[in-house]
Amino acid sequence: MEGHFAGRVDAARAGTHAQIDLDALSSNVGALLARLPDGVELMAVVKANAYGHGLVPCARQALAAGAGRLAVARIDEGLLLRAAGFTAPVLALGPANPALASRAARGGVAVTVGSVAGARALHAGLGSDDPALDVHIKVDTGMHRYGVEPTEAVALARAVSGDARLRLEGLFTHFATADEADGAFLHEQARRFAGVRRALAAAGLAPPLVHLANSAAALRGVVEPAGDLPGRPLVRAGLLLYGLSPSAHIPAPAAFRPVMTLLTRVARVFTLPAGEGVSYGLTFTADRPLRCATLPIGYGDGLSRRLSNQGWAAVSGSACPIRGRVCMDQTVVEVESAPAVAEGDVAVMLGTAPAMSAEDAARLGGTINYEVVTAISARVPRVYLRGGRAVAVSDLFGLLEVPAT
Ligand SMILES: *Cc1c(COP(=O)(O)O)cnc(C)c1O
Numbered sequence: 082m083e084g085h086f087a088g089r090v091d092a093a094r095a096g097t098h099a100q101i102d103l104d105a106l107s108s109n110v111g112a113l114l115a116r117l118p119d120g121v122e123l124m125a126v127v128k129a130n131a132y133g134h135g136l137v138p139c140a141r142q143a144l145a146a147g148a149g150r151l152a153v154a155r156i157d158e159g160l161l162l163r164a165a166g167f168t169a170p171v172l173a174l175g176p177a178n179p180a181l182a183s184r185a186a187r188g189g190v191a192v193t194v195g196s197v198a199g200a201r202a203l204h205a206g207l208g209s210d211d212p213a214l215d216v217h218i219k220v221d222t223g224m225h226r227y228g229v230e231p232t233e234a235v236a237l238a239r240a241v242s243g244d245a246r247l248r249l250e251g252l253f254t255h256f257a258t259a260d261e262a263d264g265a266f267l268h269e270q271a272r273r274f275a276g277v278r279r280a281l282a283a284a285g286l287a288p289p290l291v292h293l294a295n296s297a298a299a300l301r302g303v304v305e306p307a308g309d310l311p312g313r314p315l316v317r318a319g320l321l322l323y324g325l326s327p328s329a330h331i332p333a334p335a336a337f338r339p340v341m342t343l344l345t346r347v348a349r350v351f352t353l354p355a356g357e358g359v360s361y362g363l364t365f366t367a368d369r370p371l372r373c374a375t376l377p378i379g380y381g382d383g384l385s386r387r388l389s390n391q392g393w394a395a396v397s398g399s400a401c402p403i404r405g406r407v408c409m410d411q412t413v414v415e416v417e418s419a420p421a422v423a424e425g426d427v428a429v430m431l432g433t434a435p436a437m438s439a440e441d442a443a444r445l446g447g448t449i450n451y452e453v454v455t456a457i458s459a460r461v462p463r464v465y466l467r468g469g470r471a472v473a474v475s476d477l478f479g480l481l482e483v484p485a486t
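Structure, rendered in structure tokens:
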């Protein structure tokens, strides 16, 4: 099937779509690698469709730019990478579904385990002809979401190492407060993790890989050092690769550039008469005649309904406020500040100023930039740019990579 683009990669044909700047992704990977201590490898986190940016092209670009391996949340996301031909190591970071253990082993997708019962369930899920399943033990050093208690880690490592169907490949933990101003608990978790590493080393159970830092911790330099204990250190970074800031306290340095721009096209320009309201519930009423534009984008595309009467789009270089409620498929903006706007003109819904940034949309919508970009839904085509040219597109019909025409 040819999808929206009729076999051609041509951004000019795209209506509502997200442009994904693969050069920005590469330069973000490079900027992060430049900050990592020698001997620390980058595991590019591409879960949830690469935070909404598009799994396959982003994973490929991250590897080409120097990431050594990939991480996803679920086993099926890892299998999708294998189906797309990726041979790099892939780890599924979330709790592993034992029903997918056999497919993970056959696909060479490493999985996470957080309990002896979980290790046994994975074992039981393997078929007799399956290769050994690579396992990373997750330790709960204080986030209290998933993982084994530090005091139980040696017993779990022993159970995994003693199971011929499982192979202990890694040990990791995850920070609860890496993006907060106060670094005290971050360092406490790192200290607890180092204790677990030492205990495993003393028991002769140290796995080949160790990892704890996410983007925010990597920016703060809280990264396991290579050296004194066995195990090769990795950093698991997602957000920074997409050019987004971990938080207001831990902003992305200037070298990091946003990868996604969400665009749409003006579908109607009209005057809202004084005293008339707009969109469902008529929650905004014009106090004078107002030029308005209808944009074919809504919460069905992942534009949060919480931006009703709050967010804005950039039209002709001018910030145009959302008037009334964001609908499933359409949104109205006031274009008084962009008098020349016409049907078919491009409107930037998320991007760099004067457009809303993902951080702006997060603040207005009461969430975080992670959710803003991850929410961009499957029906929004992603157009991938390299050197300013569209080189690929993914839409509801799949991924198309052909030379731009
Ligand atoms: C999502 C995730 C990451 C990546 O976090 P960023 O803040 O996006 O860098 C790292 N580790 C785990 C366990 C995750 O779930």
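Throughout the sequence shown, residue numbering follows my numbering, covering 82 to 486 in sequence.
Ideal Cβ positions, reconstructed from N, Cα and C, are used throughout, including at glycine.
Treat the numbers as computed from the prediction; the structure is a model and nothing was measured.
Item, Value
"Would Phe337 and Asn178 be called neighbours here (beta carbons separated by less than 7 Å)?", "no"
"Taking 7 Å as the threshold (C-beta atoms), are Leu376 and Val407 in contact?", "no"
"Consult DSSP for Glu241 and reduce its assignment to one of helix, strand or coil.", "The amino acid occupying residue 241 in the given sequence is Val; Glu does not appear at that position. Note: Val241 maps to helix in three-state DSSP."
"Would you say the beta carbon of Arg317 is closer than 6 Å to some non-hydrogen atom of ligand 1?", "yes"
"By Cβ distance, which residues of its chain are closer than 7 Å to Glu424, with the 5 residues on each side in sequence left out?", "Val347, Ala348, Arg349 and Val350"
"So what does DSSP say about Ser399, is it helix, strand or coil?", "strand"
"Taking DSSP as the reference, what is the three-state secondary structure of Cys373?", "strand"
"Is the distance from the Cβ of Thr258 to the Cβ of Leu249 below 7 Å?", "no"
"What's the C-alpha gap between Met82 and Asp476?", "Because Met82 sits at a pLDDT of 43, beneath the cut-off of 50, its placement in the model cannot be relied upon, and the following sentence gives the value as read from the coordinates. Distance between the alpha carbons of Met82 and Asp476: 11 Å."
"On a Cα-Cα basis, can you pick out the residue from Gly159, Ala428 and Thr232 that is closest to Gly276?", "Thr232"
"Exposed or buried, His225, counting other C-beta atoms within 10 Å across all chains shown (16 or more means buried)?", "exposed"
"Under the three-state reduction of DSSP, which class applies to Val474: helix, strand or coil?", "strand"
"Contact between the region 390-406 and the region 310-327: three or more CB pairs below 8 Å?", "no"
"Taking C-alpha atoms, which residue in Ala95, Pro170 and Gly96 lies nearest to Ala125?", "Pro170"
"Would you say the beta carbon of Leu174 is closer than 6 Å to some non-hydrogen atom of ligand 1?", "yes"
"Would you please state the rounded distance, in angstroms, between the beta carbons of Ala282 and Leu310? I believe it to be under 8 Å.", "5 Å"
"Tell me, please, which residues DSSP counts as bridged to Ala112.", "Per DSSP, none; premise fails for Ala112."
"Could you give the DSSP three-state label for Tyr227: helix, strand or coil?", "coil"
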